[in-house]
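Number of protein chains: 2
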Amino acid sequence: MTGVKHMKWWGWGDEGIAFDHRDKPEFAPFVERAIGLDVSTATVPVPAFDELDLPASRADEAFHAQLTDIVGGEHVHTDAMARVVHTFGKSIRDLLRVRSGTLSRTPDVVVYPADEQQVQRIVELAVSADAVVIPFGGGTNISGSLEPAVDEERVVISLDLGRLNRVLEIDEVSGLARVQAGIQGPDLERELSRRGWTLGHFPDSFTHSTLGGWIATRSSGMQSDKYGDIADIVRGLRMVRPNGVVVVRPVPSASTGPSIREMILGSEGRLGVITEATVHVHRVPPVRVVLGYLFPTWDAGLAAMREIAESDASPSVTRVSDARETAFSFATRTRSKGIQSVGTSVLMKVLQRRGWDLDEICLSFIGYEGEASHVRYEKKLVRRIVRRHGGILVGKGPGALYDRKKFDTPYIRDFLLDRGAAGDVSETAAPWSRLRQLYDTTMAAAGKAYEDIGVQGWIMCHLSHSYHSGACLYFTFAFVHDDQPVKQYDQVKSAIQQAFVDSGGTLSHHHAVGVEHSAWLAQDVSPEGVELVRALFDGADPNRNFNPDKIIPPA
Amino acid sequence: MTGVKHMKWWGWGDEGIAFDHRDKPEFAPFVERAIGLDVSTATVPVPAFDELDLPASRADEAFHAQLTDIVGGEHVHTDAMARVVHTFGKSIRDLLRVRSGTLSRTPDVVVYPADEQQVQRIVELAVSADAVVIPFGGGTNISGSLEPAVDEERVVISLDLGRLNRVLEIDEVSGLARVQAGIQGPDLERELSRRGWTLGHFPDSFTHSTLGGWIATRSSGMQSDKYGDIADIVRGLRMVRPNGVVVVRPVPSASTGPSIREMILGSEGRLGVITEATVHVHRVPPVRVVLGYLFPTWDAGLAAMREIAESDASPSVTRVSDARETAFSFATRTRSKGIQSVGTSVLMKVLQRRGWDLDEICLSFIGYEGEASHVRYEKKLVRRIVRRHGGILVGKGPGALYDRKKFDTPYIRDFLLDRGAAGDVSETAAPWSRLRQLYDTTMAAAGKAYEDIGVQGWIMCHLSHSYHSGACLYFTFAFVHDDQPVKQYDQVKSAIQQAFVDSGGTLSHHHAVGVEHSAWLAQDVSPEGVELVRALFDGADPNRNFNPDKIIPPA
Numbered sequence: 001m002t003g004v005k006h007m008k009w010w011g012w013g014d015e016g017i018a019f020d021h022r023d024k025p026e027f028a029p030f031v032e033r034a035i036g037l038d039v040s041t042a043t044v045p046v047p048a049f050d051e052l053d054l055p056a057s058r059a060d061e062a063f064h065a066q067l068t069d070i071v072g073g074e075h076v077h078t079d080a081m082a083r084v085v086h087t088f089g090k091s092i093r094d095l096l097r098v099r100s101g102t103l104s105r106t107p108d109v110v111v112y113p114a115d116e117q118q119v120q121r122i123v124e125l126a127v128s129a130d131a132v133v134i135p136f137g138g139g140t141n142i143s144g145s146l147e148p149a150v151d152e153e154r155v156v157i158s159l160d161l162g163r164l165n166r167v168l169e170i171d172e173v174s175g176l177a178r179v180q181a182g183i184q185g186p187d188l189e190r191e192l193s194r195r196g197w198t199l200g201h202f203p204d205s206f207t208h209s210t211l212g213g214w215i216a217t218r219s220s221g222m223q224s225d226k227y228g229d230i231a232d233i234v235r236g237l238r239m240v241r242p243n244g245v246v247v248v249r250p251v252p253s254a255s256t257g258p259s260i261r262e263m264i265l266g267s268e269g270r271l272g273v274i275t276e277a278t279v280h281v282h283r284v285p286p287v288r289v290v291l292g293y294l295f296p297t298w299d300a301g302l303a304a305m306r307e308i309a310e311s312d313a314s315p316s317v318t319r320v321s322d323a324r325e326t327a328f329s330f331a332t333r334t335r336s337k338g339i340q341s342v343g344t345s346v347l348m349k350v351l352q353r354r355g356w357d358l359d360e361i362c363l364s365f366i367g368y369e370g371e372a373s374h375v376r377y378e379k380k381l382v383r384r385i386v387r388r389h390g391g392i393l394v395g396k397g398p399g400a401l402y403d404r405k406k407f408d409t410p411y412i413r414d415f416l417l418d419r420g421a422a423g424d425v426s427e428t429a430a431p432w433s434r435l436r437q438l439y440d441t442t443m444a445a446a447g448k449a450y451e452d453i454g455v456q457g458w459i460m461c462h463l464s465h466s467y468h469s470g471a472c473l474y475f476t477f478a479f480v481h482d483d484q485p486v487k488q489y490d491q492v493k494s495a496i497q498q499a500f501v502d503s504g505g506t507l508s509h510h511h512a513v514g515v516e517h518s519a520w521l522a523q524d525v526s527p528e529g530v531e532l533v534r535a536l537f538d539g540a541d542p543n544r545n546f547n548p549d550k551i552i553p554p555a
Numbered sequence: 001m002t003g004v005k006h007m008k009w010w011g012w013g014d015e016g017i018a019f020d021h022r023d024k025p026e027f028a029p030f031v032e033r034a035i036g037l038d039v040s041t042a043t044v045p046v047p048a049f050d051e052l053d054l055p056a057s058r059a060d061e062a063f064h065a066q067l068t069d070i071v072g073g074e075h076v077h078t079d080a081m082a083r084v085v086h087t088f089g090k091s092i093r094d095l096l097r098v099r100s101g102t103l104s105r106t107p108d109v110v111v112y113p114a115d116e117q118q119v120q121r122i123v124e125l126a127v128s129a130d131a132v133v134i135p136f137g138g139g140t141n142i143s144g145s146l147e148p149a150v151d152e153e154r155v156v157i158s159l160d161l162g163r164l165n166r167v168l169e170i171d172e173v174s175g176l177a178r179v180q181a182g183i184q185g186p187d188l189e190r191e192l193s194r195r196g197w198t199l200g201h202f203p204d205s206f207t208h209s210t211l212g213g214w215i216a217t218r219s220s221g222m223q224s225d226k227y228g229d230i231a232d233i234v235r236g237l238r239m240v241r242p243n244g245v246v247v248v249r250p251v252p253s254a255s256t257g258p259s260i261r262e263m264i265l266g267s268e269g270r271l272g273v274i275t276e277a278t279v280h281v282h283r284v285p286p287v288r289v290v291l292g293y294l295f296p297t298w299d300a301g302l303a304a305m306r307e308i309a310e311s312d313a314s315p316s317v318t319r320v321s322d323a324r325e326t327a328f329s330f331a332t333r334t335r336s337k338g339i340q341s342v343g344t345s346v347l348m349k350v351l352q353r354r355g356w357d358l359d360e361i362c363l364s365f366i367g368y369e370g371e372a373s374h375v376r377y378e379k380k381l382v383r384r385i386v387r388r389h390g391g392i393l394v395g396k397g398p399g400a401l402y403d404r405k406k407f408d409t410p411y412i413r414d415f416l417l418d419r420g421a422a423g424d425v426s427e428t429a430a431p432w433s434r435l436r437q438l439y440d441t442t443m444a445a446a447g448k449a450y451e452d453i454g455v456q457g458w459i460m461c462h463l464s465h466s467y468h469s470g471a472c473l474y475f476t477f478a479f480v481h482d483d484q485p486v487k488q489y490d491q492v493k494s495a496i497q498q499a500f501v502d503s504g505g506t507l508s509h510h511h512a513v514g515v516e517h518s519a520w521l522a523q524d525v526s527p528e529g530v531e532l533v534r535a536l537f538d539g540a541d542p543n544r545n546f547n548p549d550k551i552i553p554p555a
């Protein structure tokens, strides 16, 4: 056996774990109000696995034998389950398609190399046989970066990095760790924390995504304000190409022409297979705390985040939800603890007396790390800014709950999907001066799309990352779909994406391009910008063996 | 007239400004000890300008007329002075060659476009006529990024961006300024500071270099610890290509595949002509101060800088000189003020009583910016670390002097060159754990090279930038040359560069590749890494019209 675990073939996360609304009394009424769904409705059954309709594998025996020669027979898989779990990521489009029971194209064979040498031999075999290689990490991608093209006639190899999962070395003087690309988030943090270190990279997908996947998609995490996006964290890289390994040495900064490091970052397998990275690691700080705050309005919350970014403070998390997402957060509180303290009627009455409109309240989380004295200092700097914008501190309770629940959202999506509602996320980044207009445009565009398809849709937003000159806005949307869910979803998703690029935002802050966002690439980075990337891909992969058609749409 | 000023054709900086040692009593004896040069020796005369031997311009009348049609006759120059000042940058190799009186190849014509539209038309003309375009900013480059290949048979256009020198817009909410590429450092800071802003980018070349040049070479400045290297500062970009303009929008972070922004950064004109950038700007902080510190040894200084980088403090400058550079700094003090306070015999005697070896003393500068309370807080954090490593604070005097004199070093190089001594700089970056070994290897390699060429050479070093995982080490070297100065220089420079890459350092932290460093590119970024860059260049510029042969050496 490979020892590599995969998520449910039909949904997010581990078998046996699911969202349960029964201890959250406000959840059902909220969903009813938001998208008109009665959560006690009968669930839509997921098809039985053996009823799935898969195309035959195109990998013939000779090819299978060559792969077996490289990695050993137990690491070459052509069974239906291996092929299905390696076909898609976990976007709503992916889940809808896999639950439809028909997969038009799957990888023909899944291989699990043990080391870089085996990756090199697989890559050489693929190029000499004119096969397609699609590197696979945790399979959490939601931009279509993993799926084979439906009309791909060559053999498609899903190259699963799951066995390259070790922390190889920690340079304790430099704060650098050499780590294999296939390691998943929790395994990596456990290995590091055992020795007193942390990477500090916690994307929503953390529990199942891999270092290599983060790099290949330019991931960002919940504490990236402090630790940096993965593009900042990664210094050294190894990427296997047909004639050898690209080796980027882990220097802190370099003036060596166009950045090869920044070509590999975000390359989604189109340039080769990332096998290893040397990453920034930090001593686990003495204090790590996330505090909850409330702002009277979305504008006040945004303005406060901007001012914090401009100030001498440098918190690890800056997050504020719009009023709609705040209402959603309140609706997911359990009967007895945690976030309840925020939504208690006592506090609300106090705020009402202060003149707050309770429908406009925005929940914010700000995180602090470092020596205790440093955390105290930073909290003081932030408190002044929060006050200036009319906000109040509500304490550690909500922050601790946020910390505990932060990876749970995808399970809610499956819960809704089981009941006939489609939901997903879209995120962007833009300069501070554009954020409010971008937000308004996006909300209006989603509203118009819902109207056009005749549904009562929901959309909510939070600011998830702050930078000197701007921030990431993260939208979550859902609606009860009809019998053409992908078509309906496309209409809503397209309206949101178009609003992003029309408003000066990027097509994605940290979810990659894949095939889901490639239609907006030229609008985002300009047609001439696309030509530069095309020049790189065409020159580096003239026969299109490496995950073709991703990022730049086929001509 | 174009209104664009250029430096001396035979040296650094403005006419009439030169280094003067007469008020620095310790300078002459220091130079005598260091490289055996008597500075009162007769100076080597620079050749008269009209004795220079230039090749004829290959731009014929028809081509000249086409350029005139685009930019107007007064902005097309083929006179000897224009061609000479656009042939080289200001490396010691450049100065030695221009002072030799013979220029094997110069640009054939210099054009000064007024705007991006004119740049576009020049680029289109160049491609259609199969001419070569070399973008030119301030001409301060020391890596050979500007010179035409000696065997280039096509017409070579030096495209001087000097008229694109305006701050177009400041987005005060986002802290972003849209600025034309040809603006020089002082003009840019003056325009910004007039409105309360600063870019915070102060490379050694600041007084004469341009924004476009900084971007094209991946520049770094003295306060980059706080403001970031130019690669961090630049968000948006416009670069003219034969079929249009690459437009990178100023989003704070994006997940849009391989970074186009990071392809243009460091591209040295090989992908097109950078015309504009949108850059981070910051409110001029209430307090800006640089403090001087002394450490008993180089190891103590390096260890303190590393610990500061790891701490909760984030100073704007972290700099420490080795004992040799410290001695050089002491030797440049004037009779009456400034750095004298550091080197006073009273202080030295106190340190000696404490057990310091005065030959091992290392001078350090640490900068602080922000609100007064923040500066106090950071100074306190740093003071603890400095003390832990046996260092002492020596106050504001040396820092203020450093601030005043920081752009003067190139004038000293000219002073020495006038007297038959060749000097230049080489810098690198490496992980903290490699720095000491890199330093030792480099000092030994330079020593060996001096021995091989039979001269008494000098080399000294400072740490100039700190990062989480490493730092930049900046070496300055000089020796009295014989009648083959370039050959001798090459031997010393090559030894230093080879020591860098052999010790895990990069070929340059912030001076670019050009032709000076291209021999080490494959050793630094791996042969397969070079192939990625080559794929980009070949695809984007198939006929090699854009500053060919830079970065990647000709096959």
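Protein chains in written order, with full-length UniProt numbering: chain A, 1 to 555; chain B, 1 to 555. Glycine included, C-beta positions come from ideal geometry on N, C-alpha and C. What you are looking at is a predicted structure, and each value in this text was computed from that prediction instead of being measured.
When secondary structure is reduced to three states using DSSP, residue 369(B) falls in the strand class.
Assignment of residue 78(A) by DSSP, reduced to helix, strand and coil, places it in the coil class.
The beta-carbon distance between residue 507(A) and residue 263(A), rounded to whole angstroms, is 19 Å. This is too long to meet the 8 Å contact definition. Here the C-alpha atom of residue 83(B) lies approximately 58 Å from the C-alpha atom of residue 113(A). In the DSSP annotation of this structure, the continuous segment of the alpha helix (DSSP H) that includes residue 263(A) starts and ends at 261-264. Secondary-structure assignment with DSSP links residue 392(A) through a beta bridge to 294(A). The beta carbon of residue 149(B) is closer than 8 Å to those of 105, 548, 549 and 554 in its chain, skipping five residues each way along the sequence. For the stretch 207-236 of chain B, the set of positions with a beta-carbon nearer than 8 Å to some beta-carbon of chain A reads 217, 218, 219, 220, 229, 231 and 235 in chain order. Inclusion of residue 491(B) and residue 445(B) in the CB contact set at 8 Å is not warranted, their separation being larger than that value. Look at the beta carbons and you see the stretch 386-406 of chain B not touching the stretch 430-443 of chain B: under three pairs across the two are nearer than 8 Å. If you look at residue 180(B), you'll find it in the beta strand (DSSP E) that goes 176-180.
Here the stretch 455-471 of chain B makes contact with the stretch 306-314 of chain B; the two share three or more CB pairs at distances below 8 Å.
For the 8 Å CB-CB criterion, residue 227(B) and residue 208(B) do not form a contact. Take residue 118(A), set aside five residues on each side of it, and the residues of its chain with a beta-carbon closer than 8 Å to its own are 70 and 71, in chain order.
Among the residues facing chain B, residue 124(A) is not included, as its CB has no counterpart in that chain under 8 Å away. The stretch 218-226 of chain B and the stretch 243-250 of chain B do not touch, with fewer than 3 CB-CB distances between them shorter than 8 Å.
For the stretch 428-444 of chain A, the residues whose beta carbon sits under 7 Å from a beta carbon of chain B are, in order, 429, 430, 431, 432 and 433. Beyond the five residues adjoining it in sequence on each side, residue 407(B) comes within less than 7 Å, by CB distance, of 204, 206 and 207 in the same chain, given in chain order. Your pair residue 138(A) and residue 16(A) does not check out as a contact, with CB atoms roughly 18 Å apart and the cut at 8 Å. In this structure, 211(B) is the residue among 161(B), 196(B) and 211(B) with its C-alpha nearest to the C-alpha of residue 178(B). Within a 10 Å sphere around the beta-carbon of residue 345(A) sit fewer than 16 other beta-carbons, which makes this residue exposed. Residue 528(B) reaches chain A at 241, 243, 244, 245 and 246, counting residues in chain order whose Cβ is nearer than 7 Å. For residue 64(B), the enclosing alpha helix (DSSP H) begins and ends at 61-71.
Excluding its 5 nearest sequence neighbours in each direction, residue 175(A) has C-beta neighbours in its own chain below 7 Å: 280, 281 and 282, listed in chain order.
Look at residue 427(A) here: in three-state DSSP terms it is strand.
Look at residue 173(B): its C-beta is under 8 Å from a C-beta on chain A.
Within 10 angstroms of the beta-carbon of residue 332(A) lie 16 or more other beta-carbons, which makes it buried. Judged by DSSP secondary structure, residue 237(A) falls within the beta strand (DSSP E) whose first and last residues are 234-241. For residue 136(B), the enclosing beta strand (DSSP E) starts and ends at 132-136.
Taking the Cβ atoms as the reference, residue 267(B) lies roughly 12 Å from residue 514(B), outside the contact range of under 8 Å.
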